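Participant:
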Amino acid sequence: MKHSKQVVCRFLAFGLCFISIGVHAQKQSKSYSEKFTVDDEAILDISTSYADLEFETWNKNQIVVEATVELENATTEEARDYFVNNGIEILGNSDKVSITTGTGHPFTTDYFENIGNLQIEIPELPEFESFEMDFDMAELSDIPPVPPTPDANFDYEAFQKNGEEYLKQWQKNFQKEFGEPYQKSMEDWQEKMAGKQEEVRAKREQMLEKRMEAHSEKMENMAKARVEEGKKQAAADQKRIEFYASRKEGDSTSSKLEGYNRAGRANTFYFNSTEQNTKLKVKKTIKIKIPKNTKIQMNVRHGEVKMVGNTKNMNATLSHASLLAAVIEGEKTKVTASYSPVSVQHWNYGALEVDYSENIELQEVLNLQLSATFSEVTIANLTTSAIVKNNFGPLIIESISDDFEKLEVSIQNAAFTCKVPKTAFDMYISSEQSELVSPEWLQLDTFNNHESTVRQGFNGKKNSGKTIHILSKYSEIVLQ
Numbered sequence: 005m006k007h008s009k010q011v012v013c014r015f016l017a018f019g020l021c022f023i024s025i026g027v028h029a030q031k032q033s034k035s036y037s038e039k040f041t042v043d044d045e046a047i048l049d050i051s052t053s054y055a056d057l058e059f060e061t062w063n064k065n066q067i068v069v070e071a072t073v074e075l076e077n078a079t080t081e082e083a084r085d086y087f088v089n090n091g092i093e094i095l096g097n098s099d100k101v102s103i104t105t106g107t108g109h110p111f112t113t114d115y116f117e118n119i120g121n122l123q124i125e126i127p128e129l130p131e132f133e134s135f136e137m138d139f140d141m142a143e144l145s146d147i148p149p150v151p152p153t154p155d156a157n158f159d160y161e162a163f164q165k166n167g168e169e170y171l172k173q174w175q176k177n178f179q180k181e182f183g184e185p186y187q188k189s190m191e192d193w194q195e196k197m198a199g200k201q202e203e204v205r206a207k208r209e210q211m212l213e214k215r216m217e218a219h220s221e222k223m224e225n226m227a228k229a230r231v232e233e234g235k236k237q238a239a240a241d242q243k244r245i246e247f248y249a250s251r252k253e254g255d256s257t258s259s260k261l262e263g264y265n266r267a268g269r270a271n272t273f274y275f276n277s278t279e280q281n282t283k284l285k286v287k288k289t290i291k292i293k294i295p296k297n298t299k300i301q302m303n304v305r306h307g308e309v310k311m312v313g314n315t316k317n318m319n320a321t322l323s324h325a326s327l328l329a330a331v332i333e334g335e336k337t338k339v340t341a342s343y344s345p346v347s348v349q350h351w352n353y354g355a356l357e358v359d360y361s362e363n364i365e366l367q368e369v370l371n372l373q374l375s376a377t378f379s380e381v382t383i384a385n386l387t388t389s390a391i392v393k394n395n396f397g398p399l400i401i402e403s404i405s406d407d408f409e410k411l412e413v414s415i416q417n418a419a420f421t422c423k424v425p426k427t428a429f430d431m432y433i434s435s436e437q438s439e440l441v442s443p444e445w446l447q448l449d450t451f452n453n454h455e456s457t458v459r460q461g462f463n464g465k466k467n468s469g470k471t472i473h474i475l476s477k478y479s480e481i482v483l484q
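Residue 461 in this note's numbering sits at position 457 of the sequence shown, with consecutive numbering throughout.
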């Protein structure tokens, strides 16, 4: 009996050990490390999906890339295949360094089964207007024939032989053939042609009148079709708005960004950038050190991007991603983000375009060009100038420095809240079907300009060199 218990215990211990090894074997990883010595104006080109990126600037003329791919629930063979087909590729020289990742969605049978119900809508091609001749081909048969031209053949050999005698004889014959009889026949032909041209002109006017009537009817039908198409598009936009408003927190495809609190603590991202196939879970992490003057070209899908130092003249496209940056500057900077939260402590220069994005948080803005659609944008403090276009979403400017220069805002179907400075500035507001709330101390004169209401005035004194210019349609404006 004692021996039997020992055998059972040993068997259980062996089994537990085997299970532990098996679970551990399901998680595998591969690391990448590359270093490039680069020129002052080197380019870093990045195209990634389901990868988290972290940037750090330093004073060395080197780009260093450290990357890791972690797999869960993968056999050794599956991991090997994944690393070969969907790993991370790092290539470069002194001028350019490229970092790319695989799509993470191999085209397997299961993949095509998952898209079996995919519906693709192809818009109808616009109708081409038919080509119509400007004349009736039958008219050509009614044209009177041109009188035959007499033979005016000049015999050069005879002229060489007989000289002036032949020339006089040829001139005599020419005048006879092209004389009064021929001129009379040409005059008769011209009269007939004039009458025929008048008939053709009358027919063409009738044809043109009929064609204009048909074209007018056609344009009317096309206008009706456009109206119907506009109604369908408006219904689709309404559904999109309802979907955007009903998005729930915690969805596996969404991201959440806690904004800076007013004590100045940094934002914290909660973002799911883990790639999930049928059973695999993949985590890609890429850490990059770059010189300060390196130009970044970046296309990131499903990933978190952290930029610790100063980032200058970056061109970035983000989709279902997130951006957390310390300093963004450079007049050539352009960031395009869709379905992606963005948080920047210091936005010094550049353009930002956001679509369908929540939690766009800019703390200190020096110079900014912003275009936002279906997004939530907050600027904590505007120090110098901003040009903003905002549609379908709230825009908040919490404060404006006293030494600012200009603020230009164009909004449509949106809500704009702004705490205006107490310093002197000029203000111009042109609104259409909009509501305005402003403090009593702000002196504004109101008058109507066609369908718009114009409010113009100043705070402190006129022509101060500081301006706030607002254009609004179907929106709410709250000035504090």
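Glycine included, each C-beta is placed from N, C-alpha and C at the ideal position.
Computed from a predicted model, the values in this text were never measured in an experiment.
Check whether the stretch 394-409 and the stretch 365-384 touch, using three or more Cβ-Cβ pairs below 8 angstroms as the test.
Facilitator: With a cut-off of 8 angstroms, the stretch 365-384 and the stretch 394-409 count as touching, because enough Cβ pairs lie within range.
Participant: Please determine, among TRP351, LEU374 and PRO443, the residue with the shortest C-alpha to C-alpha distance to ASP359.
Facilitator: ASP359 has its Cα closest to that of LEU374, out of TRP351, LEU374 and PRO443.
Participant: Alpha carbon to alpha carbon, what distance is there between LYS338 and LEU366?
Facilitator: Taking the straight line joining both Cα atoms gives about 15 angstroms.
Participant: Within the same chain, show all residues whose beta-carbon is closer than 6 angstroms to that of GLY254, passing over the 5 residues directly before and after it, in chain order.
Facilitator: Caution is warranted here: a pLDDT of 41 is assigned to GLY254, below 50, making its placement in the model unreliable, and the coordinate value is therefore given only provisionally. Answer for GLY254: no residue qualifies.
Participant: Look up ASP449 in the DSSP assignment and say whether it is helix, strand or coil.
Facilitator: Residue state, collapsed to three classes: strand.
Participant: Measuring straight from C-alpha to C-alpha, what distance separates VAL42 and GLU439?
Facilitator: In a straight line, the C-alpha of VAL42 is about 55 angstroms away from that of GLU439.
Participant: Taking ASP85 as part of the alpha helix (DSSP H), name the residues at either end of that continuous run.
Facilitator: It spans 80-90 - the alpha helix (DSSP H) in which ASP85 sits, taken as one unbroken run.
Participant: Between GLU168, ASP99, ILE47 and ILE292, which lies nearest to GLU70 when the distance is taken from Cα to Cα?
Facilitator: Closest by alpha carbon: ILE292.
Participant: Please classify GLU224: is it buried, with 16 or more other beta-carbons within 10 angstroms of its beta-carbon, or exposed?
Facilitator: So GLU224 ends up on the exposed side.
Participant: According to DSSP, is VAL204 part of a helix, a strand, or is it coil?
Facilitator: The answer is helix: DSSP assigns VAL204 an H, G or I state.
Participant: The beta strand (DSSP E) with ILE391 in it runs from where to where?
Facilitator: Here the beta strand (DSSP E) through ILE391 covers 381-395.
Participant: Tell me the DSSP secondary structure of ALA341 in three-state form.
Facilitator: In the structure shown, ALA341 sits in a strand (DSSP, three-state: E or B).
Participant: Helix, strand or coil: which one does DSSP assign to SER414?
Facilitator: Note: SER414 maps to strand in three-state DSSP.
Participant: Is the Cβ-Cβ distance between VAL348 and ALA325 less than 7 angstroms?
Facilitator: In this structure, ALA325 does not lie closer than 7 angstroms to VAL348 by Cβ.
Participant: List the DSSP bridge partners of TYR432.
Facilitator: Partner(s): GLN460 and HIS473.
Participant: Specify, as a first and last residue, the run of the beta strand (DSSP E) that ILE336 falls within.
Facilitator: Note that residue 336 corresponds to Lys in the displayed sequence, not to Ile. Per DSSP, LYS336 belongs to no beta strand (DSSP E) and is neither H nor E.
Participant: What would DSSP say about ALA199, mapped onto helix, strand or coil?
Facilitator: One point to set straight first is that residue 199 is Gly, not Ala, in the sequence displayed. Note: GLY199 maps to helix in three-state DSSP.
Participant: Just to confirm the assignment, what range does the beta strand (DSSP E) spanning SER33 have?
Facilitator: Here the beta strand (DSSP E) through SER33 covers 32-41.
Participant: Determine the direct distance from the alpha carbon of LYS410 to that of THR315, and round the result to whole angstroms.
Facilitator: Their backbone Cα atoms lie some 25 angstroms apart in a straight line.
Participant: Could you please give the first and the last residue of the uninterrupted beta strand (DSSP E) stretch that includes MET311?
Facilitator: Per DSSP, MET311 belongs to the beta strand (DSSP E) from 308-316.
Participant: Determine the DSSP secondary structure at ASN63, reduced to helix, strand or coil.
Facilitator: DSSP places ASN63 in coil when its eight states are reduced to three.
Participant: Could you name the residues that DSSP lists as bridge partners for MET302?
Facilitator: BP columns for MET302 point to ILE50 and ALA320.
Participant: How would you call MET226, buried or exposed, if buried means at least 16 neighbouring beta carbons within 10 angstroms?
Facilitator: Label assigned to MET226: exposed.
Participant: Taking just the CA atoms, how far does THR72 sit from PHE420?
Facilitator: Between PHE420 and THR72, the C-alpha separation is close to 43 angstroms.
Participant: Hey, LEU370 and ASN352: beta-carbon distance below 7 angstroms or not?
Facilitator: Cβ distance < 7 angstroms, so LEU370 and ASN352 count as in contact.
Participant: Is DSSP giving SER189 helix, strand or coil here?
Facilitator: In the structure shown, SER189 sits in a helix (DSSP, three-state: H, G or I).
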